[in-house]
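Chemist:
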Amino acid sequence: MQISSNAFLKYFSVALFVIYFFVGLIIFNDYGITTDEEFQRFSGFFWLKYVLSFTHFEELKALVENKLNLIKGFTLPNPINFPFYGVVFDLPLALIETIFNINRSENYFLLRHYFNFLIFFISSIFFFKILMNRFDNYLISIFGTLFYVGSPRIFGDSFFNNKDVIFLSLVTIALFYSLRLLSNFNSKNIILFSIFSAIATGSRVIGIFLPTSILAIIIFDMLDRKINLFSIYKVFLLIGSYFIFTIFFWPYLWEDPFTNLIKAFSIFSNYIIDIKFIFNGEFVSSKSLPYTYLPVWIFISTPTITLLLFLTGYILYAKTFFLRLIEIDKNKNNSLWVNDFEKKDFLIFLNLTIILIYLILFGAVLYNGWRQVYFINVFLIYFTSYGIFSLVKFKLFKKIKRWFFFLIGFLLVMIFYEIIKIHPYQSLYFNNTLHKDIQNKFEIDYWGLSGKRFIEEIKNLDDKKKLNIGVASWVPLERSLALFDESTKKRFNIVGQNFEKADYIFSNNITEVDTSLNNKYKIPNNFKRLSEFKLQKSIIYTIFKREK
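Mapping to this note's numbering: the sequence shown position 459 is 453, numbers consecutive.
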């Protein structure tokens, strides 16, 4: 009976992945353009040009140079003057765009959205394998993976966020190989881990946290055993192969690897973009965020059941960890783990705890919610799964095990129902802990995703050949036009804050100035509110129309 049940769940998990993949194929073109995507695209071509400079592909070089000359306008610093961003996603996409001669903006942005989803989809398979490797339970692994892909904000971002979600995906894949390395510290696993952790670091320099923690655990483990020359060789193989692959996947390091790596760390540790925004009803600066910033954002934008299960799993493991710590002091045991499973749990616990302490207590610069640290979601959901795994071992839950699993399944269905209901704005999700005036307390559409819907709405509302659109927002609305055909692009003329020229004004409460003190985005008296687009309890944008 058990074999039959496992066989069913195995096929069921495969079916879920197939369904998820085809759903992604159907909906990936529903999402708008973000403020950063043009910067990321330029960065890809900038570094592709650099890589091609070592080759004799003259025709390809000319095409790339032409692409670079056509890309203009960024919300971030020009990549030429700020070359520290990793390009493991952007460079290959630039190459594909060039080779296949993709010139229409709607096509190359949709191509990027498709690959964004594809990489996250692949990471979900690796996360499932992580859970199976740890818990050896199909049902818990299925539940955990559904929580992983069903985090509403990350689900939405997985179709367009080619920085934060790509990094999350690469960390997840590298984590799978790190756990394999902890089980079997052999040359094959060292090389595989080095490759994928280097790819993650080549996406974002903070990716070095994973090989650092792995190395610390391996050395700690070695101290408990008889150290031999072969063990020392494997440690040096890990360090050496990781840095070699990191240099390979990060062109910025090619000319002066160690100096540029140190420079990149220094830049990202001290680089502060002074962005001002609304947080909990106050106008704050990214330079001086309150300690509550990250916990509050995670709390209000993560499904409640995920938070409860995570806290359960995290607290239960913390209890196990401190018991092991006490046993070391009493000389009952000379290790923080008694088996490979606990060693893997410790790796997750160590990384999550240190990262959270650093982010909350040491003034890490964050903005636009918690998207810069979406990579910790793999650790959050790991402990969510650990929470389920631990609860069903309690005597009380053993008696109601089936009902408990049924409840988890039902709550997951409700999460996915919400994802469907707010599609394609899952990135703007808030849980039900907030009251109705949320739009006055937090930034919502900081990506400018709703610009696509706004243009479609005005396009169908007004048949004039030329429409002048004012923007009462920091968001560069013109980016959204990139997903439309040429006739639509020609119809819309974005006039920014030159409201005297505008027929309509787009407003979404995203500003870089305190509107109580600055009138930059004040709607003129001769414009009247025409309509609002609401999502959950929030006003996403408002349309104002000039009165005749």
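Ideal Cβ positions, reconstructed from N, Cα and C, are used throughout, including at glycine. Here the structure is a predicted model, which means the values were calculated and not measured.
1) Do L461 and R485 come within 7 Å of each other at the CB atom, strictly closer than that value?
2) Curious, which full-length alpha helix (DSSP H) runs of at least 4 residues does the region 63 to 117 contain?
3) Hey, could you find the ends of the alpha helix (DSSP H) V45 is sitting in?
4) Are the beta-carbon atoms of V372 and V165 separated by less than 7 Å?
5) Could you check what DSSP says for Q530 in three-state terms: helix, strand or coil?
6) State buried or exposed for W291, treating a residue as buried only when at least 16 other CB atoms are found within 10 Å of its CB.
7) How big is the Cα-Cα spacing for S172 and I269?
8) Whose C-beta lies closer than 6 Å to the C-beta of Y419 among residues of the same chain, with five residues either side of it excluded?
9) Quick test of your reading: F377 and G307, contact by CB under 8 Å. State the CB separation rounded to the nearest angstrom.
10) DSSP beta-bridge partners for V278?
11) With respect to 6 Å, is the separation between the Cβ of I517 and the closest non-hydrogen atom of the ligand PLP below this value?
12) For F83 versus I160, is the C-beta spacing smaller than 7 Å?
13) Could you compute how far the alpha carbon of S188 sits from the alpha carbon of K395?
14) With DSSP collapsed to three states, give me the class of V469.
15) Could you check the C-alpha separation between G548 and K392 for me, to the nearest Å?
16) Thinking C-beta only, is L406 closer than 7 Å to L140?
17) Run through DSSP, which three-state label would T139 get?
18) Looking at C-alpha atoms only, which residue of I534, F383, D457 is the closest neighbour of Y132?
19) Which same chain residues end up closer than 6 Å to S409 when comparing Cβ atoms and leaving out the 5 residues on each side of it in sequence?
20) For Y352, collect the residues of the same chain with a Cβ closer than 8 Å to its Cβ; drop the 5 residues on either side in sequence, then sort them by chain order.
21) My understanding is that A192 touches Y227, with C-beta atoms under 8 Å, so please give their C-beta distance in whole angstroms.
22) Is S152 helix, strand or coil by DSSP?
23) Quick one: using the 10 Å Cβ neighbour count with 16 as the cut-off for buried, is Y5 buried or exposed?
24) At which residues does the beta strand (DSSP E) containing V372 begin and terminate?
25) Hey, quick one: how far does the alpha helix (DSSP H) through I237 stretch, first residue to last?
26) Taking 8 Å as the threshold, find out whether the region 326 to 340 comes into contact with the region 104 to 119 through three or more Cβ pairs.
27) What does DSSP give as the partner residue(s) for F316 in the beta ladder?
28) For F103, I'd like the list of residues in its chain whose CB is within less than 7 Å of its CB, leaving aside the five on either flank, ordered along the chain.
29) Which residues mark the beginning and the end of the beta strand (DSSP E) in which Y171 is found?
30) If you draw a straight line from the alpha carbon of K453 to that of V386, how long is it in whole angstroms?
31) Distance check for R318 and N362, CA to CA, integer angstroms please.
32) Which same chain residues end up closer than 7 Å to Q(-4) when comparing Cβ atoms and leaving out the 5 residues on each side of it in sequence?
33) What are the start and end residues of the beta strand (DSSP E) that includes N487?
34) State the beta-bridge partners of T296 as determined by DSSP.
Modeler: According to the structure data:
1) yes
2) 84 to 93
3) 31 to 46
4) yes
5) coil
6) buried
7) 36 Å
8) L529
9) 4 Å
10) F271
11) This structure simply doesn't include the ligand PLP, nor any ligand for that matter.
12) yes
13) 40 Å
14) coil
15) Here the chain has residues from -5 to 542 only, and residue 548 is not among them.
16) yes
17) helix
18) F383
19) In the sequence as presented, Ser is not what sits at residue 409; that position holds Ile. G144, P297, listed in sequence order.
20) A358
21) In fact, because the Cβ distance is near 20 Å, the residues do not count as touching under 8 Å.
22) coil
23) exposed
24) That residue, V372, is in no beta strand (DSSP E); its alpha helix (DSSP H) goes 371 to 385.
25) Sequence inspection shows Phe at residue 237; the Ile mentioned does not correspond to that position. 223 to 243 is the extent of the alpha helix (DSSP H) around F237.
26) no
27) Answer is none; F316 lacks a bridge partner.
28) I27, E31, A476, L477
29) Y171 -> not in any beta strand (DSSP E); alpha helix (DSSP H) instead, spanning 158 to 177.
30) 54 Å
31) 39 Å
32) Interpretation of Q(-4) is limited by its pLDDT of 46, a score under 50 that renders its predicted location unreliable; no figure is taken from the coordinates.
33) 486 to 490
34) Note: T296 sits in no beta bridge, so no partner.
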